[in-house]
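Working notes for the structure below.
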Amino acid sequence: MTGLSNPTLVLNDGNSIPTVGLGVWQTPAEQTRQAVEAALSTGYRHIDTAAAYQNETQVGEALKAAADNGVAREDVFLVTKLWNAEHGYDKALKAFDASAKRLDVDYVDLYLIHWPMPEVNLFVETFKALAALRDEGRVRSIGVSNFAPEHLRTLVDGTGVVPAVNQIELHPRFPQQELREVHAELGIATEAWSPLGQGALLSDPTVVAVAEAHGKTPAQVLIRWHLQLGNIVIPKSVNPDRIASNFDVFDFELTAQDIESIATLDDGTRLGPDPRTFNWTG
Ligand code: A2P
Numbered sequence: 001m002t003g004l005s006n007p008t009l010v011l012n013d014g015n016s017i018p019t020v021g022l023g024v025w026q027t028p029a030e031q032t033r034q035a036v037e038a039a040l041s042t043g044y045r046h047i048d049t050a051a052a053y054q055n056e057t058q059v060g061e062a063l064k065a066a067a068d069n070g071v072a073r074e075d076v077f078l079v080t081k082l083w084n085a086e087h088g089y090d091k092a093l094k095a096f097d098a099s100a101k102r103l104d105v106d107y108v109d110l111y112l113i114h115w116p117m118p119e120v121n122l123f124v125e126t127f128k129a130l131a132a133l134r135d136e137g138r139v140r141s142i143g144v145s146n147f148a149p150e151h152l153r154t155l156v157d158g159t160g161v162v163p164a165v166n167q168i169e170l171h172p173r174f175p176q177q178e179l180r181e182v183h184a185e186l187g188i189a190t191e192a193w194s195p196l197g198q199g200a201l202l203s204d205p206t207v208v209a210v211a212e213a214h215g216k217t218p219a220q221v222l223i224r225w226h227l228q229l230g231n232i233v234i235p236k237s238v239n240p241d242r243i244a245s246n247f248d249v250f251d252f253e254l255t256a257q258d259i260e261s262i263a264t265l266d267d268g269t270r271l272g273p274d275p276r277t278f279n280w281t282g
């Protein structure tokens, strides 16, 4: 434990989420347990997985090991996501059961629809199932991932429920200004995936210059940039030293000028699929 303290953000349902979490997308199953244990012993209290990442079992094992070392289950904000092949009311309920079983938990803190799947067009029904899970207490908060503004509006109109978060690709090359404005209007928290641009932004000269000026690493600068924008951020690493340093971001601030210079990196580069056309169920 480093004693670092991670601020939380209050969601629209009153629950609090630690603003920095460990993401385990692209973390191989065999490295997941050690990465999550390293994060929890560093002080992280937010872990972000998904059925699709095929490492929920190992996340669950790490949570159990941490519980034996004094980090109780209820101290950790655990996020998982419903995969694309599981849209539909009944399928969603079953998919949640399967995730909870793999994670070996009684409840999940936040359950997200992973992608809107516009061609399948069942995300409204699917979200009603998530609302039922929340009403049962099996899920504390419900949200979505990769939803575009029109998907969010259809969802809210169709269910009367505003998702607590929308987890989206977001980094300085793709800062999602329009979507962040829609989130602010609707009261949805913005969660950033690939916050470091999948590592590609770490050698960017602008980021490196800001890092040098602060005596920090490029990753710390990027994580700070997210926090100062108001984002929840889930950097991925399998390396214990990088996991620790990515969490050591609560003792400095970027200046307005730093943020402006990082804003010049916006060139509209999307690293992942476009949710408006992504309908993959594989
Ligand atoms: P590794 O897991 O070997 O540390 P993103 O969260 O944007 O997807 O970025 C994840 C990528 O960035 C991974 O390749 C990860 O590699 C790398 N990464 C994460 N943190 C750091 C860091 N502090 N320094 C260098 N590379 C990092």
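Those letters in the sequence shown? Residues 1 to 282, by full-length UniProt numbering. We treat Cβ as the ideally placed atom computed from N, Cα and C, and that holds for glycine.
Check	Outcome
Distance cut-off 7 angstroms: A98 Cβ against heavy atoms of the ligand A2P	no
Proximity test, L196 beta-carbon vs the ligand A2P heavy atom, cut-off 7 angstroms	yes
C-alpha distance - G70 paired with E37, whole-angstrom precision	12 angstroms
Which listed residue (R33, V161, L122 and R73) has its alpha carbon closest to that of E61	R33
S145 - DSSP class collapsed to helix/strand/coil	strand
N166 in three-state terms, based on DSSP	strand
Between the CA atoms of A263 and L202 - distance to the nearest angstrom	15 angstroms
G3, DSSP secondary structure in three states	Bear in mind that a pLDDT of 46 at G3, under 50, signals an unreliable position, so the number given afterwards is only what the model happens to contain. Coil.
Rounded separation between P28 and N55 - CA only	7 angstroms
Buried/exposed call for P235, threshold 16 Cβ in 10 Å	buried
CB contact flag (P172, W225, <8 angstroms)	yes
Euclidean distance between Cα positions of D251 and L122	44 angstroms
Nearest residue (CA-CA) to G230, options L103, H183, L22 and E86	H183
Residue of L40, A98 and R276 minimising C-alpha distance to A72	L40
Distance cut-off 7 angstroms: A50 Cβ against heavy atoms of the ligand A2P	no
Counterpart residues of L112 in DSSP-defined beta bridges	K81 and G143
Proximity winner among R242, N246, G160 and P205, relative to N6 (alpha-carbon distances)	N246
Identity of the residues DSSP links to residue 326 by a beta bridge	Outside the modelled stretch of the chain, which goes from 1 to 282, sits residue 326, for which no answer is possible.
Residue closest to H151, alpha-carbon to alpha-carbon, out of L179, A189 and S194	L179
contact_flag[the segment 146 to 163, the segment 86 to 99] where n(CB pairs < 8 angstroms) is 3 or more	no
Per-residue burial, E169 [other beta carbons within 10 Å of its own, 16 or more giving buried]	buried
When A51, L11, R270 and Q31 are compared against S99, the one with the closest alpha-carbon	A51
Pairwise C-alpha distance: T255 and A132	44 angstroms
Below-8 angstroms beta-carbon distance, T19 vs any chain C residue	In the structure shown, chain C does not exist; there is a single protein chain.
Residues of its chain near G282, where Cβ-Cβ distance is below 6 angstroms and the 5 sequence neighbours each way are ignored	none
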